[in-house]
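To start, the structure under review is shown below, and the notes come after it.
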Amino acid sequence: MEPDVSPISLQETFCFSCHPAVPCFNECCRDLNQFLTPYDILRLKNHLGLSSGQFLEQYTSQHVGPDSGLPIITLKPLDRKDLICPFVTPKGCSVYDNRPSSCRTYPLMRGVSRSRESGLMVEQFMVLKEPHCSGFDKGKARTVQQWIDEQAIAVYNEFNDRLLQIISFKNTQKPGTLDIKSRHMFFAALYDLDNFRSQIIKNAIVADLPIDSSLVDKALEDDLALLEVGMSWIKHALFGIR
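To convert a position in the sequence shown, counted from 1, into our numbering, add 85.
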């Protein structure tokens with residue numbers, strides 16, 4: 086049976102609940118093809134007390150996107166047969182407070198496009214009802230906006246939208262697969278943040294970047310500021326956007 090996908094607006098309500106008493110508990114944490122965004126990785130590696138390099142090596146695989154030509158990071162499943170999430174336990178998610186954006190958003194899906202008229206990002210939401218999911222049977226009613234607020238999704242969406250903007254620049258200015266050097270730069274600045282920080286310190290690679298020097302100073306200690314610097318640097322270094 087195919088999943089049911091229905092459009093829904095920010096102020097429309099849906100009923101959903103997920104907890105250990107739901108018969109399908111943890112079923113959505115298997116048969117995974119879990120993509121991770123830069124902000125997902127930032128939160129997860131800090132939750133686990135790992136460097137970005139340690140997290141990427143232990144928990145992820147890297148691919149080149151067939152459409153974007155950019156590095157794509159996916160979560161390594163616990164086993165190759167059932168494709169179980171490495172963070173799921175009988176009691177639920179072991180990284181729940183810092184779980185990825187797609188997990189927070191579920192059972193909703195969010196699509197983003199840029200308006201040709203205004204140039205602004207436009208959101209679209211859909212409700213995904215999968216055959217195995219019993220969470221809709223006795224759920225609490227809330228609007229999409231309430232779900233976003235409850236699940237603390239806004240900051241994830243903010244940084245994911247910044248990533249989409251970079252992908253849009255890339256597709257416009259450098260269609261096709263990036264060369265190896267450019268892919269390594271993209272990977273380091275957005276995903277391997279601790280390595281990128283060391284490059285800032287050792288090689289002053291962001292010295293000519295037209296951003297507030299106080300943000301660069303903050304990035305030496307703060308990962309969120311570091312990701313902001315990394316995104317600005319990639320736009321400048323690869324696409325000439327200041």
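C-beta: ideal position from N, C-alpha, C; glycine also. These numbers were taken from a predicted model, which means no experiment stands behind them.
Residue i in three-state terms, based on DSSP
i: C114; result: helix
i: T122; result: coil
i: V314; result: helix
i: K58; result: Nothing about residue 58 can be read from this structure; the chain reaches only from 86 to 327.
i: V291; result: coil
i: C218; result: coil
i: C100; result: strand
i: T190; result: helix
i: A322; result: helix
i: R128; result: helix
i: I169; result: coil
i: L155; result: coil
i: L278; result: helix
For residue i: DSSP bridge partner residues
i: M206; result: R199
i: A226; result: C100
i: G134; result: Beta-bridge pairing links G134 to no other residue.
i: F177; result: Residue 177 is actually Gly in this sequence, not Phe. Its beta-bridge partners are T174.
i: V212; result: S91 and L193
i: V149; result: P156
Cβ neighbours of residue i in the same chain (closer than 6 Å, five flanking residues each side left out)
i: C218; result: C109
i: C114; result: C170 and V173
i: A304; result: A310, L311 and V314
i: K130; result: S137 and F140
i: I286; result: none
i: P175; result: none
Endpoints, alpha helix (DSSP H) assigned at residue i
i: T257; result: A239 to Q258
i: S267; result: I265 to L275
i: A304; result: S298 to A304
i: S137; result: S137 to Y144
Own chain, CB closer than 7 Å to residue i, minus 5 neighbours either side, in chain order
i: F254; result: K320, F324 and I326
i: H148; result: I157 and T159
i: L278; result: L127, S137, D308, L311, L312 and G315
i: L300; result: A310, E313 and V314
Residue i - containing beta strand (DSSP E), residue span
i: D89; result: D89 to I93
i: V229; result: Unbroken run through V229 is the alpha helix (DSSP H), V229 to E235; no beta strand (DSSP E).
Close Cβ partners of residue i (< 8 Å) along its chain, the five nearest in sequence each way excluded
i: T145; result: L121, I126, I158, T159, L160 and K161
i: L205; result: R199
i: V180; result: L129, H132, L133 and F172
The stretch 120 to 131 / the stretch 284 to 291 touching (three or more Cβ pairs under 8 Å): no
Any 3 or more C-beta pairs closer than 8 Å across the stretch 240 to 249 and the stretch 136 to 156: no
Stretch pair the stretch 91 to 104 + the stretch 207 to 222: three plus CB contacts closer than 8 Å: yes
Touch test, the stretch 180 to 189 against the stretch 218 to 238, Cβ-Cβ under 8 Å, three pairs minimum: yes
Inter-stretch contact (C-beta, 8 Å, three-pair minimum) for the stretch 266 to 282 and the stretch 219 to 229: no
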